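S.K.: Residue numbers (my numbering), protein chains in the order written: chain U, 31 to 579; chain P, 1028 to 1345; chain B, 4 to 303. Quick reminder that beta carbons are idealized off the backbone N, C-alpha and C, glycines included. As the structure is a prediction and not an experimental result, all values here were calculated from the model. One structure coming up, written as C-alpha cells, with questions to follow.
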Amino acid sequence: MTSTNPALDIVDLSVTFATETGPVDAVREVSLRIEPGEIVALVGESGSGKSTVAFAAMRLLSGNATATGRIEYDGIDILAPGTVTRDFRGRTAAMVFQEPATALNPLMRVGDQVAAAVRNHQPVSRAEAARQAVQLLARVGIPEPEKRARSFPFQLSGGQRQRVVIALAIANSPKVLIADEPTTALDVTVQAEILDLLRRLVAETAMAVLLVTHNMGVVADLADRVAVMRHGRIVELGATADVLLAPEAEYTRQLLAAVPRLQLEHRGGPDAARPDAEPVLSLTDVSVLYGRGASAVHALKSVSFDLRPGETLGVVGESGSGKSTAARVALGLITPAAGTVRLFGQDMGRLGTRARRRIQGELGVVLQDPVASLDPRLTVGECIAEPMRVHRGKVDDPGRRVRELLDAVQLPASVLGRSPYELSGGQRQRVSIARALTLDPRLVIADEPTSALDVSVQASVLAVLRELQDDFGFACLFVSHDLAVIQQIARRVVILLSGVVEEAGPVGETLITPHSAYTRQLLDAVPSPDPVQQRHRRELRLSRVGGMQ
Amino acid sequence: MTSFWFVFRRLVQAVTVIFFVTVVVFLLLDALPGGPARGILGPDATEQQIAAFNASQGLDQPAVVRYVLYLGRTLSGDLGVSYGLNAPVTELLAERLPKTLVLTTLAALVALVIAVPLGLLQAVRQNRLVDYIATVVTFVLYATPVFFFGLILIIAFSQAARWFPSQAPQGQTVGDVLAEPQALVLPVLAGAAGLIAVFSRYTRSATLENLSEDYVRTALATGTPYPRIIRQHVLRNSLTPLIAMLGYQIPVLFGGTLVVEQLFNYPGMGLLFWNAAQSSDYPVLLGCVLIIAIATVLGSLLADLAQSVIDPRVRSTR
Amino acid sequence: MSSLSTPSPVTPPLSADSAGATAGRVMLRRFLRNRVAVAGVVVLALFVLFCLLGPVLYPTDQTRTDLTSANLPPSAEHWLGTDAVGFDQLGRLMEGGRLSLLIGFAAGALATVIGTLWGAIAGYAGGWVDAVMMRIVDAGIAIPALFILLVIAAISRPDALGLIIILGLVSWLVPARLLRAETLTLKNRDYILTLRAIGGSHSRSIVHHILPNSISTIIVSVTFQIADAILLVAYVSYLGLGVQSPATDWGGMLSQGLTATYSGRWWLILPPGLSIILVVCAFNAIGDGLRDASEIRGRR
C-alpha cells in the first residue's frame, strides 16, 4: 500500500529438497529485494539454486521441498500460512517459463488459454475475455492476433509460443513478473526480440522483474541489478555494470572469464589452412529431403563445403537451418537425396559396406547430449574401448590406449570402472571426446558438443579439444549455434539458413564484416556480457532492423 | 490437406490389416482336416464329392491361387454354410452380431461411466487411502476370470438375493433383448468388470502424467483454481488418448463376450461360436473370426479418427 | 538448439551427487519402497513354496480316483474336502498350481521372447519392413486370442507343452509393440548413432546396446505376460480344452467345480478361484512396481 515497500522482498530464504539420497540444500539464506519497475537478474550455473528461488517466489515448489525465511510481496509474507489467496498467482506475481514448447496446453487454442487467464481474476463475460485476449496477443507482438488466437500451440513457432506465455503472465497486470530462463530455448535472433518485448512491457507497466538466467549477455542486455549465485548462495550482488565490468567475487570473475565473447574487430592470425591439400571431407551439392510428395521439406538444398586436413570448420545456424543434418550426412547417418559426400577422397555413396566401414574407422564423433551419448549399461572404460572392438587390430594394446586417452582428456584413471551415470555432464563429454579419439582419427565431427554444458565447463572442454587437436592433428567439423564459440575454435565458417549455405569464409572476416544481411542480423543479436557495449549494440541493431523495414 | 492424408494413410493401414487377417483365416481354413472342401460341403461329404468340389473350385491348385479364390468368395459375401445349423454363415452372423454388439456396447459404457471418474479420483488423491483401495479393487477385478466373476454374480444376485435372472434375454431381435433390461444386468456387469480395471488404471496414469506436465504449472501460475485446472486442462488431455485405447480394447471386449454369452446363455455371436467349437462347425468359426477382426479394425480406425478430430496434433504429425 | 537446457529446476538431478548409486540399485531401492509390489513378491513366493514343498508336508494321491470318498466337505483328513472323483482338494490345489504357474511362466516368457525379437527388428529396420511387420501385429491383435484358441482346439487337443507353445504364439503381440516403441527411441540415442557413424554393425547395435537397454521393459513385460497367460490358461480349461485328467490346473479345477456350485460345495471353486486371483494380482503388482521403479523420470 505504501510506496516505500519493495515489490518483492526475499529475506533469508532457504530451500531443502528431500530426495531419495537424503536432503539436498538447494538455496541457503538468500536475500534479495526488487523495487517496482526494476529488473533484477539471478545468474548462476546449473545447480546454483537460481531457478529454485524463482519457483519458491511463486510458491510452485514440488511437494518434497521445504522453504524457510520470508518472501514478501508488498509487505505480505507468502511463506506464512493462509497468505496465498486466489489473487496471488497471476495478479500479484506471474511467471514466464523456460520451455515454450510444453508450457501451453496442447489441446486448447491459444486465444482461449489467454482468455481463461483473464477470467481467473476478472469477472468479465466470455466474449469480453476473448476480446481482451486478442488485445494481449497484439500487445506481445503476435502478428494477426485475431487469426492467431484461433491457433493451437503446435501451429506457432517457439518465439510466438513464448510470446503467448508472456501474454498469459501479463493478462492480469501482475506487480512482479518472474521469468525463468525465458530465452534459453530460443534462437538468438528470437531471444533478442523477446528481450526487447520484456523491456518494453516493464517500461509500460512498471512491473518488477526477477529474471533467472545463465546467460551473461541476457543479464547485460536487460537487468538493472544482478545477483550471482553459487551452491545456493548469493556470492555477489550489485548494479549490472559494476558486477559485470568490475566483479569483486572470485567466482564472478571466473564465470565472466569463461563466457565466450564475440570478437567484433579483426585481430589477424592464421586463417585458411593448406588450401592445396586434398580435403578430408567434402560435400558437393548435397540435398536432403524430409517427407514425401508435395509436403516434403528440404532440410538441405545444394549444400557444398570442404574441410582440409588439420583445420576446423564451423557450421553455424539457428534451429531448422539444417546444421545437424549436415553433420549427420557427413557421418553417413543420412543418405542425401542428391549430391556427393567424399570422406578422405572416397565417394561414400559408391563404396561397399566393407570399404565404407574401414573408412568410417578414421572418424571420431562427439554429439550434443552428454546424457545420451554414452550407453548407461557400459562402464566408462568400455565406452572408450568400444571403437577398438568395432575395428579390431587397429590398436595394439587397448588397455593402455584407454588409459592414455583418459589422461589426455584430463580425467583420473579411477573413473574407468564407473558408470557414466556417476559422472557430471562435463566429465561425460570428456569421455565422449576420449572415445572419439580412440582410433586416432583424421577427422572429428562434433555436433553441438558443449551446448548442454555450463559456461565454465564448456570453456574447459573446448580447451581440451583444442589442445588435443594440436597433439593429434585431426581435422574437425564443429557444428554450433553459438557464434562466439565458433569464433574461438574454428578457422573457417559456413552459415546455414533454411538448408542453404548463406555465407562461407574465414572466421576472421565472415564473422566480423559479413556480406550477408542474415549473418549481420545473427551477429547483432548475440548479446554481449558487457552492459555498456551491449546498449550500444542494441541501439545499432534496432536502427538496422528499422532501416530494413 | 494434412487431415486428408492422415485419413488416407489410416485407411490404407486398415485395409492392409484386414488383408493379413484374411491370410490368417485362410491358413486356418487350409489347415483343417479335409481342407476347405469339407469346411464348405460339410462333414457328411464323400471323398468323390470333395474331389469334384476341389477340381471345380480350383482347390487342387497352388496355395496362392487358392487364396485368391477364397478372397473372391469372401468378398462376394460367401462365408460357407454351417454344418450344424444348416444355414449360410452370413445369415447366422447377421442375426447374432447385433445382439453381441448390444451386450459389448453396454458393457463398455458401464465400464467407462464407472472407471473414468474412479481413475480421476485416484489420480487426484494419489497415494491416499481412496487410491489404495481402488487400486486393490481394480487389481482384483482384472485378475478375476470372467466366468468366476459371473458365477459369483449369479450366486449373489440371482440365487441368494433373487434380484436378477441368471439367464440373459432369449429374444430373437435386438428389440426383444432390450425389452428385458433386468435380465441384461448381470451379463453386462460381468462383461464390464475387467474393462473397469483396464480403463481406470489407464485414466489414473494418464491423469497423473498430465498433472506433471508443464502446462499445468503454467495454469497454476496464472491463478487458475485447482478444480478448474482438472476440468479445463487435465481432463481433456487425459481422456483423448482413452478414445484410441477404447479402439484397442475391442478384441478384449469380444473375447469377454465369448465367456459371458456362454455363461448366461445369451444367444449372440459368442454363444454361436462356442457351440460351433463344440461341434467343429468350421465355416461358422472362421466366419466369426473374420467378422470380429474386421469389426476390431474398423473400431480402432474410428477411434483413431475420433481422436484426430479432438487432437489436432495427431493429424499433422503422423 | 532445442534442448540446450539446464536440468529441471524443481527437482535437483539425482546423478551427480548420488555417488555409487547405479541404475540397477536405484531401481531396486524404489521397488522395495513400493509396498504393493513387495506384497506381490511375498504372495508369489508363498504360492511357489506351497506348490513345490506343499506335497512333502501334506502328501496326497493325485493319480487314482476314489469314488468312495467323493464330494466330502473339509475335515481333519481332507483339509479342503474332496472333489467329485475323490481327489483331495488341497493336494489338487498344489498339483494344479504347479501346472498353472509352469504354463503361465513358460508361455509368458515365450511370448516375450518372440515379441522382443519381432519388435526390436521391426523398430530397428524401420521403413516398409516395420510397416509390414506391425500390420501383421495389428492383424493378430484384431483376432481375440480366445477365438483362435477355440479354433485350434477344434482341430486338435494340445498337451501341456502344446498349450505353452500355442499360448506363446497368440500372446506375443503386445510385447512386440512395446519393444518396437522402445527400439525406436533407443536407435536414435546418440551412442547408437556414434557407433553406427564409426562403422559399427547393426547386430552390434542391437545385441550390445538396444537389447541390454531394453531389459527393464522386457522384465516388466514378462511379468504382465505371465499374469495374462495364467488367466488365459484358466479360460482355456474353462472352455473345456485344458490338460487331460488326472493332470489339472486351477482353471480346470474351477470349471469342474462350477457344476457343483448350486449344491453348495464351495470348497470346489473358491480355493482355485482365489488362487488364480491372488497370483495374477501378485504378478500385476510386481509388474507395476517394476515399471514405476524403472522410470528414470520418477514421480515424487
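Could you tell me whether the Cβ atoms of Gly369/U and Leu404/U are closer together than 8 angstroms?
M.R.: Going by C-beta atoms, Gly369/U is not nearer than 8 angstroms to Leu404/U.
S.K.: Between Asp437/U and Leu495/U, what straight-line distance do the alpha-carbon atoms span, to the nearest angstrom?
M.R.: So the two alpha carbons sit approximately 13 angstroms from each other.
S.K.: Using a Cβ-Cβ cutoff of less than 6 angstroms, which residues in the same chain neighbour Ala24/B once the five nearest sequence positions on both sides are dropped?
M.R.: In this prediction, Ala24/B scores a pLDDT of 47, lower than 50, which makes its location untrustworthy; the coordinate-derived value is nonetheless stated afterwards. Correct list: empty, nothing qualifies.
S.K.: Can you check which of these residues, Arg101/B, Ala110/B and Ala73/B, is closest to Ile229/B by C-alpha distance?
M.R.: Comparing Cα-Cα distances from Ile229/B to each of Arg101/B, Ala110/B and Ala73/B, the minimum goes to Ala110/B.
S.K.: Can Ala1322/P and Ile1277/P be called in contact, C-beta distance under 8 angstroms?
M.R.: Yes, these two residues count as a Cβ contact at 8 angstroms.
S.K.: Please report the straight-line C-alpha distance between Ile146/B and Gly1326/P, rounded to a whole angstrom.
M.R.: Straight-line Cα distance between these residues: approximately 13 angstroms.
S.K.: So the alpha helix (DSSP H) Asp251/U belongs to, where does it begin and stop?
M.R.: Run containing Asp251/U: Met246 to Leu252, per the alpha helix (DSSP H) assignment.
S.K.: Name the DSSP bridge partner or partners of His328/U?
M.R.: Answer is Leu319/U, bridged to His328/U.
S.K.: In chain order, which continuous runs of the beta strand (DSSP E) of length 3 or greater are located wholly inside the region 1161 to 1218 of chain P?
M.R.: Here no run is fully enclosed.
S.K.: Can you tell me the Cα-Cα spacing of Arg571/U and Lys353/U, whole angstroms?
M.R.: Arg571/U and Lys353/U: Cα-Cα distance of roughly 25 angstroms.
S.K.: Is Ile208/U closer than 8 angstroms to Leu166/U when the C-beta atoms are compared?
M.R.: Result no, Cβ atoms of Leu166/U and Ile208/U do not sit closer than 8 angstroms.
S.K.: Is Asp377/U buried or exposed, if buried means 16 or more other CB atoms sit within 10 Å of its CB?
M.R.: Asp377/U comes out exposed.
S.K.: Assuming Phe504/U is part of the beta strand (DSSP E), what are its boundary residues?
M.R.: Here Phe504/U belongs to no beta strand (DSSP E), and DSSP marks it neither H nor E.
S.K.: Which residue comes first and which comes last in the alpha helix (DSSP H) that contains Phe1300/P?
M.R.: Met1296 to Gln1305 is the extent of the alpha helix (DSSP H) around Phe1300/P.
S.K.: Distance cutoff 8 angstroms, beta carbons only. Does Gln1075/P sit that close to anything in chain B?
M.R.: No - not a single Cβ of chain B is within 8 angstroms of the one on Gln1075/P.
S.K.: Tell me the residue span of the alpha helix (DSSP H) that contains Gly258/B.
M.R.: Sequence check: residue 258/B is Ser here, not Gly. Per DSSP, Ser258/B belongs to the alpha helix (DSSP H) from Trp253 to Leu261.
S.K.: Is the beta carbon of Leu473/U less than 8 angstroms from the beta carbon of Glu392/U?
M.R.: Yes, the Cβ-Cβ distance between Leu473/U and Glu392/U is below 8 angstroms.
S.K.: For Thr115/B, which residues from the same chain have a beta carbon less than 7 angstroms from its beta carbon, with the 5 sequence-adjacent residues on both sides left out?
M.R.: Only Pro178, Ile221, Ser224, Val225 and Gln228 meet the Cβ criterion.
S.K.: Report the rounded CA-to-CA distance for Pro561/U versus Ala87/U, giving the unit in angstroms.
M.R.: Distance between the alpha carbons of Pro561/U and Ala87/U is about 27 angstroms.
S.K.: Taking Thr197/B as the query, report the chain U residues whose CB atoms sit under 7 angstroms from its CB, ordered along the chain.
M.R.: Chain U residues near Thr197/B: Val395, Leu397 and Ser403.
S.K.: Could you work out which residue in Ile1318/P, Asn1302/P, Gln1305/P and Leu1128/P is closest to Val1214/P when comparing CA atoms only?
M.R.: A quick correction: the sequence has Pro, not Val, at residue 1214/P. Cα-wise, what sits closest to Pro1214/P is Leu1128/P.
S.K.: Rounded to a whole number of angstroms, what is the C-alpha to C-alpha distance between Val487/U and Ala253/U?
M.R.: One C-alpha to the other measures close to 25 angstroms.
S.K.: How big is the Cα-Cα spacing for His566/U and Pro557/U?
M.R.: When rounded, the distance between both Cα atoms is 11 angstroms.
S.K.: Give me the Cβ distance between Phe1226/P and Leu1139/P, rounded to the nearest whole Å; I'm assuming they're in contact under 8 angstroms.
M.R.: At roughly 6 angstroms, the Cβ-Cβ gap stays under 8 angstroms, so Phe1226/P and Leu1139/P are in contact.
S.K.: Check each candidate in Gln1209/P, Val1034/P and Ala1304/P and name the one with the smallest Cα separation from Leu152/B.
M.R.: The shortest Cα separation from Leu152/B among Gln1209/P, Val1034/P and Ala1304/P belongs to Ala1304/P.
S.K.: What is the DSSP secondary structure of Gln190/U, counted as helix, strand or coil?
M.R.: Gln190/U: helix per DSSP, three-state reduction.
S.K.: Quick check on DSSP: helix, strand or coil for Gln152/U?
M.R.: Looking at Gln152/U - three-state DSSP - the assignment turns out to be coil, as it is neither helix nor strand.
S.K.: Verify whether the separation of the beta carbon atoms of Thr122/U and Tyr103/U is less than 8 angstroms.
M.R.: Yes.
S.K.: Could you pull the start and end residues of the alpha helix (DSSP H) that Thr1323/P belongs to?
M.R.: Segment Tyr1309 to Ile1337, the alpha helix (DSSP H) holding Thr1323/P.
S.K.: Closer than 8 angstroms, CB to CB, is Ala48/U near chain P or not?
M.R.: No, Ala48/U does not count as interfacial toward chain P.
S.K.: Would you say Ala10/U and Val45/U are within 8 angstroms of each other, going by their C-beta atoms?
M.R.: Past the edges of chain U, shown from 31 to 579, lies residue 10/U, and the structure says nothing about it.
S.K.: Please tell me whether Leu311/U and Leu373/U are closer than 8 angstroms, where the distance is taken between their beta carbons.
M.R.: Their beta carbons are under 8 angstroms apart, which means Leu311/U touches Leu373/U by this criterion.
S.K.: For Asn1113/P, count neighbouring C-beta atoms within 10 Å of its own C-beta (all shown protein chains included) and say buried if the count is 16 or more, exposed if not.
M.R.: By the neighbour-count rule (16 or more Cβ atoms within 10 Å), Asn1113/P is not buried but exposed.
S.K.: Among residues of its own chain, excluding the 5 on either side of Val1243/P, which ones have a beta-carbon nearer than 8 angstroms to its beta-carbon?
M.R.: For Val1243/P, where only same-chain residues beyond five positions count, the Cβ hits under 8 angstroms are Asn1237, Ile1256, His1260 and Val1261.
S.K.: Would you call the CB atoms of Pro1294/P and Gln1194/P closer than 8 angstroms?
M.R.: No; because the gap between Cβ atoms is not below 8 angstroms, this pair is not in contact.
S.K.: With H, G and I counted as helix, E and B as strand and the rest as coil, what does DSSP make of Leu397/U?
M.R.: Reduced to three states, the DSSP call for Leu397/U is coil.
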